[in-house]
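Student: Submitted below is the structure of interest, expressed as C-alpha cells.
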Amino acid sequence: MGAFESILLTVITAATPLLLAAIGELVVERSGVLNLGVEGMMIVGAVMGFAGAQATGSPYLGAVFALLSGMGMALLFGFLTLHLVANQVATGLALTLLGLGLSGMIGEAFVGQPGIRLTGIEIPVLSDLPLVGRLLFGQDVLVYLSLALVAGVSYVLFRTRAGLIIRAVGDNHASAHALGVSVLKVRYLAVLFGGACAGLAGGYLSLVYTPQWVEGMTAGRGWIALALVVFATWRPLRVLAGAYLFGAVGILQFHAQAHGVAIPSQFMSALPYVATIAVLVIISRNRILTRVNTPACLGRPFVPDR
Amino acid sequence: MTVDDTTNPQHGVVGERRGTVLLDARGITKRFGEILANDTVSLTLRAGEIHALLGENGAGKSTLVKILYGALDPNAGDLVWQGQTVTIASPAEARALGIGMVFQHFSLFEALTVAENIALALPPGQSFRALSERIRQVSRDYGLTLDPSAIVADLSVGVRQRIEIVRCLLQEPKLIIMDEPTSVLTPQEADQLFVTLERLALEGCAILYISHRLEEVQRICHHATIMRHGKVVMECDPTKETAGSLARLMVGSAVHDLKRGVVPREGDVRLALKDLSAEAEGPFSVAIENIDLDVRAGEVVAIAGIAGNGQSELFELVSGERLSSSADAVTIGAVPMGRAGITKRRRAGAAFVPEERLGHGAVPGLKLSENLLLTRHSTGDGLVQGGFLKRDRAGALEQRIKTNFDVRMSHDDPEARALSGGNLQKFVIGRELDRQPDVLVVNQPTWGVDAGAAALIRQELIDLSRNGAAVLVISQDLDEIFEIADRIAVISRGKLSDAIPAQKLTRERVGLLMAGLDEDSGGAGDAA
C-alpha cells in the first residue's frame, strides 16, 4: 500500500464522522430547530456503540446501539424544546454537557479495554485492484452509508414533497401550521433523524476510527459538524465538500508535522479550521442563494395556537 | 340544497338574498382568557354572494375567520356546511370541504418558489410539471400573471397576493375567505382583483370579504355583516347604506371628519433632502437615488408608494439610522445633518416614528415609561440627570401621553408587547407628538389601526403641522394621504417624484406614479 493511498484512506476515516453528524444536523436545522447538542449525542453514541459491540460481539450491532442511543438523546432534546418549548440554545448546550458526563460514567468500565473493529468490506477482485481497490471498494459500511445519506438527504429535501414540507416548516412555521402541516411532528422526526446520525457518527469513532473507549473522544467534532452545516449554507453537497476538506487538511498537517515542516504546530493544528472556513465562505458568496437556503425560523420556538 | 335560512334573530329585515346557503355559522363563541372575542356570532354565507365582514380592529373578525378556516376551535356554536353540521378541526379539513383562504399577512414561504408554495397547499400526488402547467393555466384564465419558478422573496406584494389567490383557486373552493386583500395594493391592482372576485361570484363561488375600506365594500359586496366588540351588530345591504352610516355602525359612534385648517403661507423649510442617495444594502433592499424634497413649517407632505420601493431605506436615511454620504444631503432646521446620528437629529428638534411599532418603534419587553426614555432621554425633558434615570418623570410623561392620546391599557405602565397594535401605535406616535417637535417624520402612521384611532392620529398630525411643524408622512394608504397631505410625492424604485399639491392630483394619477408608469411626471421620478 503506497503512502498516498494510506493518506487518502485516513482522510476518509477522518471525514466520515463529521459528515454523518453534519448531514443529520442539516436536516434538523432545515426544519427550523437548532440542536447544539450534537457533541453530546455523538459521545453517547460512541460509548454505547463500544458497549454494544462488547456486549454482543458484533460491531454492526454496536453501530445500531450507537444510532439508537443518539436518537434517545435527541428524543430528550425534542421533548424539552418542542413539547415544553424550552430554549433551544440552552437545551442543546445542556445536552452536550449531559452527554459528556453520562458517557464518562457509562464508559468507566471500558477504559483501556480493546475494542472490536468494524472492518472494511471485501469484494473479491474489486477490492484488490491496484490503487483504487481499497479506496473505492474496501471501506466499511458506514462510509458508504454516509455518502448515501448525502445523496438521499439532497434528493429528499429538494425533490420530494416530504422535503418541501421540511423546508417550509423551517422557513415559516406559522404559515406551515396554517396550511395544516403538523410543525411539531415534522420537527420531532427531523430531530430524531439528526440524533440517529450523530449517534452513528459517535459510533464510528469508537468502532472504526480508534476502536476503543477514551473519555471525551469526540474531541469537539460535534461542534465542527455544527459549524460545517452553517458554512455549507445548509446544502448537503457542500457539507460533503466541507467534511472531506476538513478531514484532508487535518491529515495533511499531521503528515507535514511528522516530516518536520518548520511551522509552529499550533498554527498547523489551526489549519483545517482556517482552510474549511475560508473555502466555504468563498463558495457562499452568492448572498441571495445563501438567504434562500437559510432556514428563517432557525431556533425560533413554535407554539400552535388553538 | 334548499336549506333556506330566514330566521336570524340578530338583524333586521334584509333585502332579497340570492344563492343557496353554503355555510351557516350559528352562535359561535370563542373566549381568550377573560376576553370574549366572539360572542354568539351567527353568519350565513351563500353561493355566488360577495359577503362583507366589517368591523374595527379587535371586533372579532379575525377570530371568526380563523374558526371558519379551522385554525381555531370555537368554545361553543355550530358550523353547518351545505346542510351538514361539521367540525372543522384544521385548515386541511377546511380545504377538504372547499373553504379557501387568502391571508392578510401573507402566509407564503419566502425561500420557496411560487410552484413549491402552491404545491404545499394542495393534496399530494401531483407531479411538479403538471402543477406548473395548471398554475400557468389558472393564472391565464383569471388574468393573474405568475411565473411558477420565481422565488417568493424576489416578488412584490401585489404578485404575492396573486400567488395566494391562485393557490386558493387551484383548490377549487366553494368559499373563499379574503382578509383585507386590498390593503397592500395599488388602486389599479385592486381594480383587477375586483374583476377576478366578481367573475368568481358569477361562477357560483361564495366570497367572504373582510375589510374596513367602506367604499370597496359598497362597490363589490352584495351583503354585509358588521361586528363590534365580538358581536354581530347588524346585517345590511351595503349598496343601500352610505359610507358614513356603515362607519357609524362599525365604530358605534360617528367618526368625525378631519379638520384641515389652513396652511400658513410659505413657512420656513424645516426638513430638506438634497440629492440624497444610498446604495442598496443587500439583495432585498432598494437603492435610493437622488432624492430632493423640502418640507416647510406648517405643511404635511406625504410620500405615497407601494411597499418595498425604498420607503424604509428613505426613512432610515432621514432619521439617522443610516448615515448619508454627505452632510448636506439631509438638513434639519438649518443644520446639515446627513452625517449626524439619530440623537443629534432629535436634539435639533426632529422626531421619528418608524413603521414597525413592535421591535423598531418600541422594545416589546420594556415598560411604556422605559420605552419613552429610549427616544426622549436627551431631548430636554429632564428624564436623565447626571446619568441617572428619573423614572418618576418618565412615569408622569407616560401618564400624560396615555390621557392625551387615549391609549387603553389593562393596568398601569404595561410592557409594550401587552398593548394591542392600535393602542401601541397611539402610544408610539403620542410619545413623539408630545414633544411638540419642529420636524416629524412618520412611516405608516395608521397601519393596522382601526378607524377611530386612525382619525385621532391623523388629526394630531395635521394639528402639529398647523402649529408650525414640518410633517413628513410615508404611507401606502391613499385614502389617508388624500385626507391629510398638503403636498404628495410618490416613491417608486427608490426614486421620488416632485411633491405636487394634493388638490392637483387624482387617485388614478398617484396610482400610476406608484406603479412607476406615469409618463408626464416631472422631476426626479422618471418613466421607467
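Taken in sequence, the protein lines are chains A and B. Numbered as in this note's numbering, the first sequence ends at 344 without a single skipped number. Numbered as in this note's numbering, the second sequence ends at 540 without a single skipped number. By construction, the Cβ of each residue, glycine as well, lies at the ideal position given by its N, Cα and C atoms.
Let me make sure I understand the geometry here. Which of 384(B), 505(B), 191(B) and 494(B) has the alpha-carbon closest to that of residue 512(B)?
Tutor: Numbered from 1 along the second sequence, position 500 holds the residue referred to as residue 512(B). When only C-alpha atoms are compared, the closest one is 494(B).
Student: If distances are taken between C-alpha atoms only, which option among 431(B), 442(B) and 54(B) comes closest to residue 239(B)?
Tutor: As a first step, residue 239(B) must be located in the second sequence, where it is residue number 227. When only C-alpha atoms are compared, the closest one is 54(B).
Student: By the 10 Å Cβ neighbour count, where 16 or more other Cβ atoms means buried, how is residue 121(A) classified, buried or exposed?
Tutor: In the first sequence, residue 121(A) corresponds to position 83, counting from 1. It counts as exposed.
Student: So which residues on chain A does residue 136(B) lean against when the C-beta distance must stay under 8 Å?
Tutor: Within the second sequence, residue 136(B) is the residue found at index 124, counting from 1. Near residue 136(B) (Cβ distances below 8 Å), the residues of chain A are 199.
Student: What is the rounded straight-line gap between the Cα of residue 377(B) and the Cα of residue 365(B)?
Tutor: As a working note, residue 377(B) is residue 365 in the second sequence. As a working note, residue 365(B) is residue 353 in the second sequence. Roughly 19 Å between the two C-alpha positions.
Student: Exposed or buried, residue 54(A), counting other C-beta atoms within 10 Å across all chains shown (16 or more means buried)?
Tutor: By one-based count along the first sequence, residue 54(A) stands at place 16. With 16 or more other Cβ atoms within 10 Å, it is buried.
Student: In terms of residues, what are the limits of the alpha helix (DSSP H) holding residue 474(B)?
Tutor: Sequence index remark: in the second sequence, residue 474(B) carries index 462 (1-based). Counting along the chain, the alpha helix (DSSP H) containing residue 474(B) begins and ends at 463-478.
Student: Would the beta-carbon of residue 178(B) fall within 8 Å of that of residue 122(B)?
Tutor: Looking up residue 178(B) in the second sequence gives position 166. Looking up residue 122(B) in the second sequence gives position 110. In this structure, residue 122(B) does not lie closer than 8 Å to residue 178(B) by Cβ.
Student: Short of 9 Å Cβ to Cβ, which residues in the stretch 92-116 of chain B face chain A?
Tutor: Of all residues in the stretch 92-116 of chain B, 102, 103, 104, 105, 106, 107, 113 and 115 have a Cβ within less than 9 Å of some Cβ in chain A.
Student: Jot down the residue ranges of each uninterrupted alpha helix (DSSP H) in the stretch 194-230 of chain A, minimum 4 residues, whole runs only, in chain order.
Tutor: Counting only runs of 4 or more, we get 199-209 and 211-216.
Student: Have a look at residue 330(A) and residue 339(A) and give me their C-alpha separation to the nearest angstrom.
Tutor: Residue numbering aside, residue 330(A) sits at position 292 when the first sequence is read from its first letter. Residue numbering aside, residue 339(A) sits at position 301 when the first sequence is read from its first letter. Between residue 330(A) and residue 339(A), the C-alpha separation is close to 20 Å.
Student: Say whether chain B places a C-beta atom closer than 8 Å to the C-beta of residue 125(A).
Tutor: Mapped onto the first sequence, residue 125(A) falls at position 87. It does not; no Cβ of chain B falls within 8 Å.
Student: CB residue 452(B) to CB residue 476(B), shorter than 8 Å?
Tutor: If you number the second sequence from 1, residue 452(B) lands on position 440. If you number the second sequence from 1, residue 476(B) lands on position 464. Against a cut-off of 8 Å, the Cβ pair of residue 476(B) and residue 452(B) comes out as a contact.
Student: I'd like to know whether the C-beta atoms of residue 71(A) and residue 229(A) end up nearer to each other than 8 Å.
Tutor: To locate residue 71(A), count along the first sequence from 1; it is residue 33. To locate residue 229(A), count along the first sequence from 1; it is residue 191. In contact: residue 71(A) and residue 229(A) (Cβ atoms closer than 8 Å).
Student: What is the DSSP secondary structure of residue 302(B), counted as helix, strand or coil?
Tutor: As a working mapping, residue 302(B) is identified with position 290 in the second sequence. If DSSP states are grouped into helix, strand and coil, residue 302(B) belongs with the strands.
Student: Measuring alpha carbon to alpha carbon, tell me which of 338(B), 72(B) and 288(B) ends up nearest residue 322(B).
Tutor: Within the second sequence, the letter at position 310 stands for residue 322(B). For residue 322(B), the nearest C-alpha among the options comes from 288(B).
Student: Using a C-beta cutoff of 8 Å, does residue 268(A) count as contacting chain B?
Tutor: The residue given as residue 268(A) occupies position 230 in the first sequence. For residue 268(A), the answer is no, since every Cβ of chain B falls outside 8 Å of its Cβ.
Student: On a CA-only basis, which of 59(A), 64(A), 69(A) and 66(A) is nearest residue 82(A)? Give me that one, please.
Tutor: Translated into the one-based positions of the first sequence, residue 82(A) becomes position 44. Minimum Cα distance to residue 82(A) is reached at 59(A).
Student: To the nearest angstrom, how far is the alpha carbon of residue 206(B) from that of residue 115(B)?
Tutor: Position 194 of the second sequence, counting from 1, holds the residue named residue 206(B). Position 103 of the second sequence, counting from 1, holds the residue named residue 115(B). Answer to the nearest angstrom: the Cα atoms are 16 Å apart.
Student: Looking at residue 277(A): is its Cβ nearer than 8 Å to the Cβ of residue 313(A)?
Tutor: Along the first sequence, read from residue 1 onward, the residue named residue 277(A) stands at position 239. Along the first sequence, read from residue 1 onward, the residue named residue 313(A) stands at position 275. Not a contact, by the Cβ cut-off of 8 Å.
Student: Does the beta carbon of residue 347(A) sit closer than 8 Å to a beta carbon anywhere in chain B?
Tutor: Outside the displayed range of chain A (39 to 344) lies residue 347(A), so it cannot be described from this structure.
Student: Verify the CB distance criterion: does residue 218(A) have a CB-CB separation below 8 Å to chain B?
Tutor: Walking along the first sequence from the start, residue 218(A) turns up at place 180. Residue 218(A) counts as touching chain B.
Student: Which complete alpha helix (DSSP H) runs does the stretch 283-328 of chain A hold, if anything under 4 residues is left out?
Tutor: Counting whole runs of 4 or more residues, the stretch 283-328 of chain A contains the alpha helix (DSSP H) stretches 303-321.
Student: Please report the Cβ distance between residue 361(B) and residue 345(B), rounded to the nearest whole angstrom; I am assuming they are in contact, meaning their Cβ atoms lie under 8 Å.
Tutor: Numbered from 1 along the second sequence, position 349 holds the residue referred to as residue 361(B). Numbered from 1 along the second sequence, position 333 holds the residue referred to as residue 345(B). 6 Å between Cβ atoms; contact.
Student: Taking 8 Å as the cut-off, does the stretch 103-111 of chain A touch the stretch 256-274 of chain A (at least 3 CB pairs, one atom from each stretch)?
Tutor: No, the stretch 256-274 of chain A does not touch the stretch 103-111 of chain A.
Student: Which of helix, strand or coil does DSSP assign to residue 427(B)?
Tutor: On the second sequence, position 415 is the one that residue 427(B) refers to. Here residue 427(B) sits in strand by DSSP.
Student: For residue 78(B), which residues does DSSP report across the bridge?
Tutor: Translated into the one-based positions of the second sequence, residue 78(B) becomes position 66. None; residue 78(B) has no bridge partner.
Student: Which residue marks the beginning of the beta strand (DSSP E) containing residue 93(B), and which one marks its end?
Tutor: Here residue 93(B) corresponds to residue number 81 of the second sequence, with the count starting at 1. Here the beta strand (DSSP E) through residue 93(B) covers 88-93.
Student: Starting from the beta carbon of residue 165(B), find every residue of chain A whose beta carbon is closer than 9 Å, and list them in chain order.
Tutor: Locating residue 165(B) in the second sequence gives position 153, where the first residue counts as 1. Under the 9 Å cutoff, chain A gives 326, 329 and 330.
Student: Take residue 141(A) as the anchor and find which of 241(A), 227(A), 308(A) and 113(A) has the nearest alpha-carbon.
Tutor: For this step, residue 141(A) is matched to residue 103 along the first sequence. Measuring from the Cα of residue 141(A), the nearest candidate turns out to be 241(A).
Student: Need the endpoints of the alpha helix (DSSP H) that residue 334(A) sits in, please.
Tutor: If you number the first sequence from 1, residue 334(A) lands on position 296. Residue 334(A) -> no alpha helix (DSSP H), and no H or E assigned at all.
Student: So residue 272(B) and residue 474(B) are in contact, right, with Cβ under 8 Å, and what is the actual spacing, rounded?
Tutor: The residue you call residue 272(B) lines up with position 260 of the second sequence. The residue you call residue 474(B) lines up with position 462 of the second sequence. Sure, about 6 Å apart at Cβ, within 8 Å.
Student: Helix or strand or just coil, what does DSSP make of residue 92(A)?
Tutor: In the first sequence, residue 92(A) corresponds to position 54, counting from 1. Residue 92(A) falls in the helix class under three-state DSSP.
Student: Rounded C-beta distance between residue 181(B) and residue 154(B)? I'm assuming under 8 Å.
Tutor: Position 169 of the second sequence, counted from the start, is the residue given in the question as residue 181(B). Position 142 of the second sequence, counted from the start, is the residue given in the question as residue 154(B). Indeed, because the Cβ distance is near 7 Å, the residues count as touching under 8 Å.
Student: Is it buried or exposed for residue 15(B), if we count other Cβ within 10 angstroms and need 16 for buried?
Tutor: In the second sequence, the residue the question calls residue 15(B) occupies position 3. Any reading at residue 15(B) needs caution, since the residue's pLDDT is 39, under 50, leaving its predicted position unreliable; the model's value is listed next. Under this definition residue 15(B) is an exposed residue.
Student: Count the C-beta pairs between the stretch 509-524 of chain B and the stretch 181-195 of chain B that are closer than 8 Å, then say yes if the count reaches three, no if not.
Tutor: Flag = no, the stretch 509-524 of chain B and the stretch 181-195 of chain B do not touch.
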